[in-house]
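Residue numbering for the sequence shown follows full-length UniProt numbering, beginning at 1 and increasing consecutively. Note that the Cβ used here is the ideal one computed from N, Cα and C, for glycine as well. One structure is given here, and the rest of the page talks about it.
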Amino acid sequence: MTTATLAPLTLARSRQLVRRQLEHWLQATRRLAAFEQLASPGAWQGIDHTLSVNIRQFLTQAITNLKLNGQQLETRLGNAKSEADLTAIRSDLIQFRQHYVQCETTVHLYTDAINSRTTAYIAALMRACDVLCMQSMQELLSRINNTPPPPVMTYIDKGLGASILKAGLRLWDQSTSPVAVVKITQHNLFRPTAAIHETGHQVAHILDWNRELSHALRAGLRERSALAADEFAGWASEIAADAFAFVHTGYAAVAALHDVVAGSAGAVTQYNIGDPHPISYLRVLLGLEMCRQWFGLGPWDDLETSWTGFYQPRNRAGHGAQVIDSCVPLLPQAVGIILKQRYKAFGQRALSDIINPLRVKPEELLKLERIAGPGLFTNHGWIWKEALRLLALSGYKIAISDNPAEEYKQQEDWMQKLGWSVNLN
């Protein structure tokens with residue numbers, strides 16, 4: 001078998017081939033500019049007006065930058081005088097292609113999230129989650145330096161755990177995210193305390209608390225156990241977010257976390273090198289210790305007995321078991337460092353000085369319910385003012401009820417009311 005000898009390409013033919021390839025990505029860019037078509041009109045109408053404007057402006061600018069890149073290549077191609085010019089353009093065309101893929105990823109991040117608000121019902125629930133997230137950040141930031149919280153857009157998706165793409169982070173196309181995008185899981189839609197964990201990540205990022213907390217945990221615990229001190233320090237970012245959720249929603253956050261991580265014994269006690277999350281076994285115990293220190297005796301005690309009775313490391317000689325054994329005795333001290341120690345991030349105050357966990361102590365939540373009466377869950381004024389404590393109250397009642405169907409329904413109803421109170425497009 002012989003290979004045919006191909007005739008050399010003329011400059012005109014080479015230019016034509018490069019133009020064909022460039023035109024494909026220019027056409028794709030023009031289609032991407034119609035990003036509003038990637039989510040339904042109803043979904044766009046389901047987000048807050050200001051949020052909608054921010055996202056539209058951001059995506060328009062990102063695509064404009066992409067277009068300019070393509071137009072520059074188009075001009076250079078028209079002026080190319082040699083094969084060397086075309087070779088350089090082809091190399092830059094590869095970069096333009098990559099820029100397009102990155103921009104497309106950014107566009108779909110937002111439009112897919114918006115499109116999850118597929119019905120008026122879901123859109124209202126997501127707007128309620130937006131409000132809960134915003135209020136959780138506003139309550140802390142307004143008391144430190146009056147920094148306004150970044151906009152938040154929540155979306156519903158499958159899976160066990162929530163997540164966040166923080167505002168202010170560099171995206172795939174090197175643009176900066178103008179909003180925090182928070183995933184709400186389907187199974188926890190009517191118990192979205194994990195959303196407050198995610199906004200805790202955002203606040204800790206804004207205030208640079210993670211680094212400070214890591215240093216404090218390492219320094220404060222090292223005298224008792226160098227191993228435990230290093231592990232707690234490495235988990236600081238997730239511990240900070242858990243603490244933020246706790247001070248806002250109390251036992252509700254801990255019970256919800258328990259239900260998310262309560263998998264197989266192997267998974268609960270597994271140690272993963274480099275994982276920013278504490279071992280699940282310790283993570284739940286840390287939350288329960290927060291409840292004990294701030295609330296005294298309560299249903300969290302039975303949950304701890306059940307937790308420690310069911311889950312134990314299988315390999316007692318393994319590193320995970322050593323980490324657990326070294327960390328458990330230090331949990332009370334760790335809680336003190338996390339919640340009661342003063343930090344520069346908080347203006348030389350403790351987190352609990354700014355957001356008092358006693359406001360979500362079960363007795364205080366039940367007192368609020370008695371004082372407000374049925375209007376607590378139906379009056380727009382009450383719902384807007386006490387949205388976070390309503391989340392804490394509903395989550396607490398769900399956690400202690402044998403048949404929480406009524407509590408879930410009550411949560412659903414007041415979240416709908418909260419969502420419909422938001423300024424729409």
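Inter-residue CB distance, E407 and K397 (contact presumed, cutoff 8 Å)
The residue you call residue 407 lines up with position 407 of the sequence shown. The residue you call residue 397 lines up with position 397 of the sequence shown. About 5 Å separates the beta carbons of E407 and K397, which is inside the 8 Å limit, making them a contact pair.
Cβ-Cβ distance between G287 and A241 below 7 Å:
The count along the sequence shown starts at 1 and reaches residue 287 at position 287. The count along the sequence shown starts at 1 and reaches residue 241 at position 241. Not in contact: G287 and A241 (Cβ atoms no closer than 7 Å).
CA nearest to the CA of A128, picked from R342, Q202, L365 and V152
Stepping through the sequence shown from its first residue, residue 128 is reached at position 128. Of the listed residues, the one whose Cα sits closest to A128 is V152.
Alpha carbon of L376 to alpha carbon of W294, nearest angstrom
Start at 1 with the first residue of the sequence shown, and residue 376 comes out as number 376. Start at 1 with the first residue of the sequence shown, and residue 294 comes out as number 294. Rounded to the nearest angstrom, the two C-alpha atoms are 25 Å apart.
One question on the structure: do L331 and E304 come within less than 7 Å of each other, judged by their Cβ atoms?
Sequence index remark: in the sequence shown, residue 331 carries index 331 (1-based). Sequence index remark: in the sequence shown, residue 304 carries index 304 (1-based). No, the Cβ-Cβ distance between L331 and E304 is not below 7 Å.
Where in the stretch 31-62 do unbroken runs of the beta strand (DSSP E), each at least 3 residues long, occur, reported from the N-terminal end onward?
The stretch 31-62 contains no whole beta strand (DSSP E) run of 3 or more residues.
Look up Y155 in the DSSP assignment and say whether it is helix, strand or coil.
Along the sequence shown, one-based indexing puts residue 155 at 155. Looking at Y155 - three-state DSSP - the assignment turns out to be strand.
4 or more residues per run - each alpha helix (DSSP H) lying fully within the stretch 200-249:
209-221, 226-234 and 236-249
Within its chain, find whatever has a CB closer than 7 Å to the CB of H99; leave out the 5 residues flanking it on each side and keep chain order.
By one-based count along the sequence shown, residue 99 stands at place 99. A distance below 7 Å between beta-carbons, with the five flanking residues on each side excluded, links H99 to the following residues of its chain, in chain order: L66, N69 and D173.
Find the nearest neighbour of C327 within the set Y271, K340, E369 and L358, judged by alpha-carbon distance.
For this step, residue 327 is matched to residue 327 along the sequence shown. When each option's Cα is compared against that of C327, the closest is Y271.
Can you check whether the CB of E231 is closer than 7 Å to the CB of V131?
Taking the first residue of the sequence shown as position 1, residue 131 is located at position 131. Taking the first residue of the sequence shown as position 1, residue 231 is located at position 231. Not in contact: V131 and E231 (Cβ atoms no closer than 7 Å).
Collapsed DSSP secondary structure at K409 in the structure displayed:
For the purposes of this step, residue 409 is identified with residue 409 of the sequence shown, where counting begins at 1. Of the three classes helix, strand and coil, the one that applies to K409 here is helix, per DSSP.
Tell me the DSSP secondary structure of I114 in three-state form.
If you number the sequence shown from 1, residue 114 lands on position 114. Residue state, collapsed to three classes: helix.
Are the CB atoms of R218 and A204 within a distance shorter than 7 Å?
Locating residue 204 in the sequence shown gives position 204, where the first residue counts as 1. Locating residue 218 in the sequence shown gives position 218, where the first residue counts as 1. No, the Cβ-Cβ distance between A204 and R218 is not below 7 Å.
Considering only the beta carbon of each residue, do H352 and L339 sit closer than 7 Å?
To locate residue 352, count along the sequence shown from 1; it is residue 352. To locate residue 339, count along the sequence shown from 1; it is residue 339. It is worth fixing the name first, because residue 352 is Ser in this sequence and not His. Contact: yes.
From which residue to which residue does the beta strand (DSSP E) around T184 run?
As a first step, residue 184 must be located in the sequence shown, where it is residue number 184. Here the sequence assigns Ile to residue 184, which means Thr is not the residue at that position. It spans A180 to T185 - the beta strand (DSSP E) in which I184 sits, taken as one unbroken run.
Would the beta-carbon of V107 fall within 7 Å of that of F58?
Mapped onto the sequence shown, residue 107 falls at position 107. Mapped onto the sequence shown, residue 58 falls at position 58. Taking 7 Å as the cut-off, the Cβ atoms of V107 and F58 do not count as close.
Taking the alpha helix (DSSP H) that L171 falls in, what are its first and last residues?
The residue labelled residue 171 in the question sits at position 171 within the sequence shown. Premise fails: L171 is in no alpha helix (DSSP H) and is neither H nor E.
Is the distance from the Cβ of A243 to the Cβ of T193 below 7 Å?
Along the sequence shown, one-based indexing puts residue 243 at 243. Along the sequence shown, one-based indexing puts residue 193 at 193. T193 sits away from A243, with the two beta carbons spaced by 7 Å or more.
So, are the CB atoms of I55 and S116 less than 7 Å apart?
Locating residue 55 in the sequence shown gives position 55, where the first residue counts as 1. Locating residue 116 in the sequence shown gives position 116, where the first residue counts as 1. For I55 and S116, no; Cβs fall outside 7 Å.
In whole angstroms, what separates the C-alpha of N425 from that of T119?
The count along the sequence shown starts at 1 and reaches residue 425 at position 425. The count along the sequence shown starts at 1 and reaches residue 119 at position 119. With a pLDDT of only 43 at N425, under the threshold of 50, the placement of this residue in the model should not be trusted, and no figure is reported.
Distance, W307 Cα to H187 Cα
Here residue 187 refers to the residue found at position 187 when the sequence shown is read from its first residue. Here residue 307 refers to the residue found at position 307 when the sequence shown is read from its first residue. Going from the Cα of H187 to the Cα of W307 covers about 21 Å.
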